[in-house]
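Residue numbers (my numbering): 2 to 230. Glycine included, C-beta positions come from ideal geometry on N, C-alpha and C. Values in this document were obtained by computation on a predicted structure and should not be read as measured data.
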């Protein structure tokens with residue numbers, strides 16, 4: 002089973018819920034319920050659902066980088082592959098029962114196809130959503146392209162979508178800029194670039210100052226203004 006040993010910096014609180022939701026392109030209430038469960042009414046009173054993801058932080062605290070990546074993976078599973086949330090909960094229950102790592106979505110050994118969830122174990126894949134059934138690794142799709150894993154096996158770099166499109170210019174990493182968006186090639190703060198642009202500086206001048214291309218500067222501005230009408 003995957004061992005719980007991410008670099009401690011990846012577990013530090015860094016992203017307020019609203020900011021994390023904007024990065025992921027989802028709404029804060031969904032993100033909160035995935036990480037901490039949600040209350041609902043029944044005939045016998047109020048109840049609380051179990052969280053779908055194993056939050057590393059307490060309710061109300063900013064999310065960690067691991068939380069952010071796991072929520073990103075859950076979004077991809079649900080939207081891109083149509084896997085019901087119940088399959089993820091089944092997988093978490095199975096891992097918990099086996100003493101496995103509940104942060105497996107952020108680990109390089111996590112795999113998924115259009116129906117099931119898997120963890121790589123030695124030279125085969127263990128099917129979590131089928132309660133431990135072994136499957137052929139060659140039928141499993143590759144992991145999401147937006148994630149690059151580090152030496153600890155857990156996600157180290159995250160390239161979020163911009164308006165639903167994959168890109169490799171804007172990156173989040175807990176070891177750069179306190180986890181805030183930066184230009185992947187130079188580590189330059191996206192916020193700093195946008196502030197200078199909004200103050201009237203030209204794209205070509207900014208590109209020359211930071212040693213990047215005009216296209217990279219434009220991607221930084223596009224990231225910051227991606228929700229503008």
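- Under the three-state reduction of DSSP, which class applies to residue 174: helix, strand or coil? Here DSSP, grouped into helix, strand and coil, assigns residue 174 to coil.
- Ignore the nearest five residues each way along the sequence and tell me which others in residue 62's own chain have a CB closer than 7 Å to its CB. Sequence-distant partners of residue 62 (beyond 5 residues in either direction) whose C-beta falls short of 7 Å from its own C-beta, in its chain, are 14.
- Would you call the stretch 130-137 and the stretch 87-107 in contact, with 3 or more CB pairs under 8 Å? Touching, per the Cβ criterion.
- Since I believe residue 155 is in contact with residue 11 (beta carbons under 8 Å), could you give me their beta-carbon distance rounded to a whole number of angstroms? Sure, about 6 Å apart at Cβ, within 8 Å.
- Task: Excluding the 5 residues preceding and the 5 following residue 71 in the sequence, name in chain order all residues of the same chain whose CB lies nearer than 6 Å to its CB.
- Result: Counting only residues of its own chain and dropping the five nearest sequence neighbours on each side, residue 71 has a CB closer than 6 Å to the CB of 54, 106 and 107.
- Tell me residue 183's beta-bridge partners as DSSP assigns them. 172 and 190, per the DSSP bridge assignment.
- Query: Under the rule that 16 or more other beta-carbon atoms within 10 Å means buried, what is residue 123, buried or exposed?
  - Reply: Counting the other CB atoms within 10 Å of its CB gives residue 123 a total below 16, which places it among the exposed residues.
- Reference residue 34, options 22, 223 and 221, closest by Cα: The shortest Cα separation from residue 34 among 22, 223 and 221 belongs to 22.
- Message: With a threshold of 7 Å on Cβ separation, who are the neighbours of residue 58 within its own chain once the five nearest residues in sequence on each side are excluded?
- Response: 14, 64, 65 and 68, listed in sequence order.
- Item | Residue range of the unbroken beta strand (DSSP E) whose run includes residue 65 | Run containing residue 65: none; DSSP gives neither H nor E here.
- Item | residue 196, DSSP secondary structure in three states | Helix, per DSSP.
- Roughly how many whole angstroms lie between the Cα atoms of residue 119 and residue 204? Distance between the alpha carbons of residue 119 and residue 204: 45 Å.
- The alpha helix (DSSP H) spanning residue 118 covers which residue range? First-last for residue 118: 118-122, but that is the beta strand (DSSP E), not the alpha helix (DSSP H).
- Item | 8 Å Cβ cutoff met for residue 174 and residue 153 | Not closer than 8 Å, so no.
- Task: Go through its chain and collect everything with a Cβ distance to residue 150's Cβ below 7 Å, but skip five positions before and after it.
- Result: Within the same chain, residue 150 has close Cβ partners 109, 156 and 157.
- Kindly indicate which three-state DSSP category residue 160 falls into: helix, strand or coil? Coil, per DSSP.
- Query: By DSSP, does residue 148 sit in helix, in strand, or in coil?
  - Reply: Secondary structure at residue 148: strand, using DSSP grouped into helix, strand and coil.
- Look at the Cβ atom of residue 194, then the Cβ atom of residue 171, and state whether they are nearer than 8 Å. In this structure, residue 194 sits away from residue 171, with a CB-CB distance that is not shorter than 8 Å.
- Query: alpha helix (DSSP H) containing residue 219: first to last residue?
  - Reply: Residues 215-225.
- Coarse secondary structure for residue 103, derived from DSSP in three states: Here residue 103 sits in coil by DSSP.
- Query: How would you call residue 198, buried or exposed, if buried means at least 16 neighbouring beta carbons within 10 angstroms?
  - Reply: By the neighbour-count rule (16 or more Cβ atoms within 10 Å), residue 198 is buried.
- Message: Quick test of your reading: residue 177 and residue 165, contact by CB under 8 Å. State the CB separation rounded to the nearest angstrom.
- Response: About 24 Å separates the two Cβ atoms, so there is no contact after all.
- For residue 230, does the count of other Cβ atoms within 10 angstroms reach 16, so buried, or fall short, so exposed? With a pLDDT of 44 at residue 230, under the threshold of 50, the predicted position of this residue should be treated as unreliable, and no value is reported.
- Task: Would you mind reading off the limits of the alpha helix (DSSP H) that contains residue 205?
- Result: Per DSSP, residue 205 belongs to the alpha helix (DSSP H) from 204-211.
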